[in-house]
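Colleague: This structure is in structure tokens; I'll ask about it shortly.
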Amino acid sequence: MNRIGIDIGGTFTDLVLDNSGKIFSKKYLTTPNNPELGALDGINKLLQNYNLEVENIDTIVHGTTIAANALIERKGAKTALITTEGFRDVLEMRYEKRFDQYDLDIELPKPLVPRDLRICLNERTLITGEILKKPTNRQLEKITKLLIIENIEAVAIAFLHSYSNPQNEQLVARYLRQNLPKSVTICMSSEISPEAREFERFSTTVANAYVRPLMSNYLNSFYQTLTKKGFKGNFFLMSSSGGLTSLEQAKKVPIRLVESGPAGGIILASKISKELKEESSIALDIGGTTAKVCYLNQGEPFITRRLEVAHAWKNKSGSGLPLRIPAMDLVEIGAGGGSIAKMDILGRLVVGPESAASQPGPACYNLGGEKPTVTDANLVIGRISEESFGGGFINLMLSNAKTSIKNEIVKKLHFKSTEWAASGIIEIGEELMANAVRIHGIELGKNIRDCCLIVSGGGGPIHAAGIANKLDIRKIIVPHLAGVGSAVGFLAAPISYEIARSISKFLLNLKTTEIKKIIKTIKKAIKIILNGASSTGREIQFKIDAELRYEGQGHDISIPIENYLENKKELSELTQKFVSKYKEKFGFLMPGVRIEIVSLIVSGRLTDPIKERVNPKKLKAKPQFQDRSQKKILKNRKIFEITSGKFINYKVFDRNTLRVGVSQSGPCLIHEDQTTTVVPKGWDVCKHIKNHLILTKR
Amino acid sequence: MVKNDSDIINSNIIWNSLISVCEEQANSLLKAAFGPIVREAGDLSAGVFDRKYNMIAQAITGTPGHVNTMAKSLNEIFSKLDVNSIREGDVLITNDPWIGAGHLFDFIVVTPVFKNDQLINFFASTCHITDVGGLGWSAEAKSVFEEGTLIPVSFLRRSFQIQEELLSIICTNSRVPKEARGDILSLMSCNDSGVERLNNLLNKFELVDLDIITKFIFKQSKNAVEARIKSLPTGTYLSTLKLDGFDKPIVLKAKLKIKEKSISVDLSGSSPAINRGINCPLNYTIAYASYGIKAAICPEVPNNAASLAVIQITAPPGLIVSAESPSPVTARHVVGQALPDLVLGCLSKALPGKILAESAGALWTISIAGAGEKRFNSLNVALGGMGARPQSDGLSTTAFPSGVGAVSVEVAEAAAPVIYHKKEFLINSGGSGKFRGGLGQEIIIGTSTNEPFILSAAAFERTKQGPAGRNGGLRGGKGEVSVSDGTKIKDKGNYLIKKGETIRLVTPGGGGFGKAKLRNKKLQDIDVKNGLTTEH
């Protein structure tokens, strides 16, 4: 069978063809105006290469940054917000605090809906669900006229407490559906994000409405072009949570696709950690500008419902648009290969978040960049070399790297040697990443030392051991195909969907039938969504979590529940679990304070992910990377080590010719076209039967 | 001291790690805390100190009123208690307004760190506890004795044993005993997590203490602030600010001197302390006055003992900015949070064209309590507009100088039987100018109990005159408070609101910057289109 993964990013479109387990991949430049055209062209080329037709494809999995870009560049639909009278400015007032205490110049993001299109309706729902005021037809008539005059393409309906009772939102949606042109998108907050806290719920709903016309046109056009060319297979979309979703669902809630890019790498890590039965692992992707970290438990990535996109001020947390959608719980750090090192006003050596990116690039690229970067530092100490980097596509200039570090770091910070200064840049950079891994791990209550580190991205294999040493981690996996891009990961993703609902009830006087009813309703909704995604009604594996807290506390603790909380026993078990997890986390208990269920999260996934029909047409495996560097790889390289303050000899092996199951001791380097794996002294490396490199600490 | 290449690298890494230890300490508090003002709005601080009580590093989260007062608290605490009596496992606590953050609601908890039986450091954290007895959130008290329970410097834990009697005194005197207990234990627990992380850090770098790195941090910070001050024009600059006061106006005066390597501010001439709870202890005054200066001249330099020491704030005792015990101090932020505007007024004369216009200032604390059968307390804040900046409009309804944001309407209505009927920008409330001041807002609140309730007007400031503009910009709108039945809110006292009535608050808008006729036509048109202004 043939499956294709397509990841359309800002710069590159990654394509991967999986022919019954054999992987073929290609990178093309993204065609920003009509991204689907570039992708289709790429698919054709890839297929032609292997004598395949579009009709031979069984499944296509697609991830795209189009929604994210539309939010960043403010290129979505002309959107109106219909909201509760008296609360016109929720989107713009935000949290009413500054995300940076000392910077007096900060700017907040412009709301997606300008004030003149935020229209108030005389309605009010109370927290209890009681409807205090109901919208009248006369008001609705007036609003409809306005929406038509303004040529509104998308309408978000978001009322206070609608998660508690959606009636008013539904009433308005029905009216507008009947009276507005069919092309107008209508989204309700009670459907898109039924959770308390108006700003986050409104923000999510508006963002969904804003990107929906664009996304559904794009997805339709993509799918129809494929069908015209004879495509008969499954078409899935990659969501931010790492699950796949159907075309229909993606068109309805496209905001859930917003962060699908990083998901690919993490699903790959997830697949490998399941294959190798790793109890706890950390997926770490180090790219050019940032590094991303996600924790995995038995191969399952941690999921969050708090996301912030399209930052408006220096990429600072708090300056973006908050979204309450399920997403992989990843932390992004402004440190990567292109991160610039400099002395700050305190005379400190700092690395990032400013990046030289690909233009002008690190100093050693010789493209005009003069500021020293992490890549320059790696070159100076010998971890990468002039002849081996990037498969020989980029000619690195060691002298440029040295000059930039001398001018900006050695002189200003009074280092004695350039190598030490370069090591300093790397140490600070690795410490930044290790620290982010550490803090996130503590937040999630993980024992970091027992985790296995799974790295990807160009910088992952270079920095893995350094970071692992800082975290006392003893096992690193450098996956096979990690460099191919996230599209490979797409093909390993399950079909899934998650719904979270705020309920706010005390455990003490909980009516269990009520909980059962809510869970059943959500399950039913998920069933419809998932079975829509597959041709038959197949078995769904459900997972239910309750978010609990002590009354009045801000932080929720998530506890899995097995059943419907139907009896006293199940309730008391839940209480016990909460209490012990709370004690573990905070070190004390709150006897006498009521425990509250804040929300219920139900997620479902199809047990057998993608229906695979066997395609007789098998391809002849070609070597995967044909563009070998012409330059000769040296057998030995000298690398400066901070522990001894000297250059140490490293043996160099080619990853392709390394024998499976034979262990090599560090210090050594494993070379491949995309990157180099650094194996320092004290570590062993061994190639796994599935071509992963496994590094273990002696 | 830092000598060779590896020392340079390590000192940088340890400094960063220390800041992240404090971040984590603060984060842990934020998650465990009960009061909505702490958990939703971030009213807290956390930091690490050397054994001589100097603050080395602090979490970047936290508000100036907590952070900068905490920096000085340890000196005060150990002037009352012999440091030699401290053992491992001890924890100290106090809410003395003249030691901690200026009123009884804020508790500071201090935990010593021992290594090899030597006292090497302290962790401290501060947060707002919802209720400490007394009159509650009100400026009506005539002395601090009426404002609640004052816990002098005491042991909260002695040799790892929690002092239940003390905890019981605090909880018994609180209207919300369980939350009070939870918040205090959260403070203790977040310091413990700081201690644990610090120990890991020391072990990792094989250090016995932080002395060398502390010297490095202090030296670099001092140099950085001094370098900035050197670039400023030396001289003496004056400024005056008038506030509504409790029931009659008060005046704040500052004489700011820029010297070659330091800045000093003398607040002599400000109004004397009064017998109502808007007085400000000197520690809280210092915190906000120095915050205003620091944000304007060296925002990137982290707060620590050395960077704060370069800026000296003084006032003779007994003024409204230097009130002494037993003056009442509950709503001390009414005066304290006006001080950044006061000192920025001085700086605008030293650096013409470079300092933002005046802002709404003090957080408008909205304190509503049930006065019928059903008892409840609802605490939130209403924010006004920030002053226009030299290059951009002021931020609308955004806290400044405080870092505390508003609790969301849905959360506020979940926490107490209140109903918000309106919470929206107030048009034309931003001061006109080349850049417009941030807008204030209009809030209408009632209850769902159908019973009377009490409103404390303690923090409704700038209702007589809006914040001033700068460089020809106009004043922002002044604040307004009214009741639906026509009751007049004439001072900062408590008001009994009849059942079924609602209260209406209008927060001040920020001042404008530069002359209005210089405003970009496009910006002006957008404002009109969006209904933010109606002029022209």
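First to last, the sequence lines map onto chains A and X.
Each number in this note's numbering comes from the position in the first sequence (counting from 1) with 16 added on.
Each number in this note's numbering comes from the position in the second sequence (counting from 1) with 4 added on.
Ideal Cβ positions, reconstructed from N, Cα and C, are used throughout, including at glycine.
#1: Does the beta carbon of A/Lys633 come closer than 9 Å to any beta carbon on chain X?
#2: Got a sec? Which residues, its chain only, sit under 7 Å from A/Ser206 by beta carbon, not counting five neighbours each side?
#3: In chain A, which residues lie less than 9 Å from X/Gly516 when you measure between Cβ atoms?
#4: Compute the Euclidean distance between the alpha carbons of A/Met606 and A/Trp699, then round it to the nearest angstrom.
#5: How long is the line joining the alpha carbons of A/Ala505 and A/Arg134, rounded to whole angstroms?
#6: Does any CB atom of chain X fall closer than 9 Å to the CB of A/Phe663?
#7: Report the three-state DSSP secondary structure of A/Pro229 (helix, strand or coil).
#8: Could you list the residues in the region 287–319 of chain A with a C-beta less than 9 Å from some C-beta on chain X, going in chain order?
#9: What do you get for A/Asp34, buried or exposed, if any count of 16 or more other CB atoms within 10 angstroms of its CB means buried?
#10: With distance defined between alpha-carbon atoms, name the residue in X/Gly515, X/Arg474, X/Phe380 nearest to X/Thr451.
#11: Where DSSP assigns a beta bridge to A/Gly620, which residues make up the other side?
#12: In angstroms with no decimal places, state the Cα-to-Cα distance between A/Leu674 and A/Cys702.
#13: Would X/Arg91 count as contacting chain A if we go by Cβ distances under 9 Å?
#14: Assuming A/Pro576 is part of the beta strand (DSSP E), what are its boundary residues?
#15: Output, in chain order, the set of chain X residues within a Cβ distance shorter than 7 Å of A/Arg213.
#16: Counting only Cβ-Cβ distances shorter than 8 Å, please list the residues of the region 126–138 of chain A near chain X, keeping chain order.
#17: Taking a contact to mean a Cβ-Cβ separation below 9 Å, would you say X/Gly409 touches X/Gly514 in this structure?
#18: Counting contacts by CB-CB distance shorter than 9 Å, is X/Cys302 in contact with chain A?
#19: Run through DSSP, which three-state label would X/Pro471 get?
#20: Between which residues of its own chain and A/Asp670 is the CB-CB distance below 6 Å, once the five residues before and five after are set aside?
#21: Run the CB neighbour count on X/Asp47, radius 10 Å, all protein chains shown included, and call it buried at 16 or more, exposed below.
#22: Could you tell me which of X/Ala520, X/Glu150, X/Phe457, X/Lys494 sits nearest to X/Lys503, measuring between CA atoms?
#23: So is A/Tyr111 in contact with chain X if we call contact Cβ pairs under 9 Å?
#24: Just the chain A side, please: which residues come within less than 8 Å of X/Val408 by C-beta, in chain order?
#25: Do X/Gly198 and X/Phe127 have their beta-carbon atoms positioned less than 9 Å apart in this structure?
#26: If the cut-off is 7 Å on Cβ atoms, which residues from the region 406–433 of chain A count as contacting chain X, listed in chain order?
#27: Do the CB positions of X/Ile103 and X/Ser77 come within less than 9 Å of each other?
#28: Measure the alpha-carbon distance for A/Asp23 versus A/Phe238 and round it to whole angstroms.
#29: Quick one: measure Cβ to Cβ for X/Leu256 and X/Thr244, integer angstroms, because I've assumed they're closer than 8 Å.
#30: Relative to the C-alpha of A/Leu156, which residue among A/Glu146, A/Leu187, A/Asn485, A/Ile165 is closest?
#31: Check whether the Cβ of A/Val269 lies closer than 9 Å to any Cβ atom in chain X.
#32: Counting only C-beta atoms, is A/Asn451 closer than 9 Å to chain X at any point?
#33: Are the C-beta atoms of A/Pro639 and some chain X residue less than 9 Å apart?
#34: Quick one: is A/Gln646 near chain X, going by C-beta distance under 9 Å?
#35: Compare the C-beta of A/Val77 with all C-beta atoms of chain X and state if any pair is closer than 9 Å.
#36: Examine the Cβ distances between the region 398–408 of chain X and the region 103–118 of chain A and report whether three or more of them are shorter than 8 Å.
Modeller: Taking the coordinates as given:
#1: Its pLDDT being 47, under 50, A/Lys633 is placed unreliably by the model, and nothing is read from it.
#2: Ser178, Tyr179, Pro182, Glu185
#3: None at all; the shortest Cβ gap to chain A is about 16 Å.
#4: The alpha-carbon of A/Met606 is positioned some 46 Å away from that of A/Trp699.
#5: The sequence given here has Gly at residue 505 of chain A, not Ala. Taking the straight line from one Cα to the other gives about 40 Å.
#6: no
#7: helix
#8: none
#9: Result: buried.
#10: X/Phe380
#11: A/Tyr513, A/Phe558
#12: Going by the C-alpha atoms only, they are around 9 Å apart.
#13: no
#14: Residues 573–577.
#15: For A/Arg213, the residues of chain X that pass the 7 Å Cβ criterion are Ser412, Glu414, Val415, in the order they occur in the chain.
#16: Pro130, Arg131, Asp132
#17: no
#18: yes
#19: coil
#20: His687
#21: buried
#22: X/Phe457
#23: Interface residue (Cβ-Cβ distance to chain X less than 9 Å): A/Tyr111 is classified as such.
#24: Lys113
#25: yes
#26: Leu429, Phe431, Lys432, Ser433
#27: yes
#28: One C-alpha to the other measures close to 13 Å.
#29: 7 Å
#30: A/Leu187
#31: no
#32: yes
#33: Note that A/Pro639 has pLDDT 39, beneath the 50 cutoff, so the model's placement of it is unreliable and the number below is only indicative. Not closer than 9 Å to any Cβ of chain X, the Cβ of A/Pro639 fails to qualify, so no.
#34: Because A/Gln646 carries a pLDDT of 47, less than 50, the predicted location of this residue cannot be relied on, and the following value inherits that uncertainty. Under the Cβ distance rule, A/Gln646 does not count among the residues neighbouring chain X, no pair being separated by less than 9 Å.
#35: It does not; no Cβ of chain X falls within 9 Å.
#36: yes
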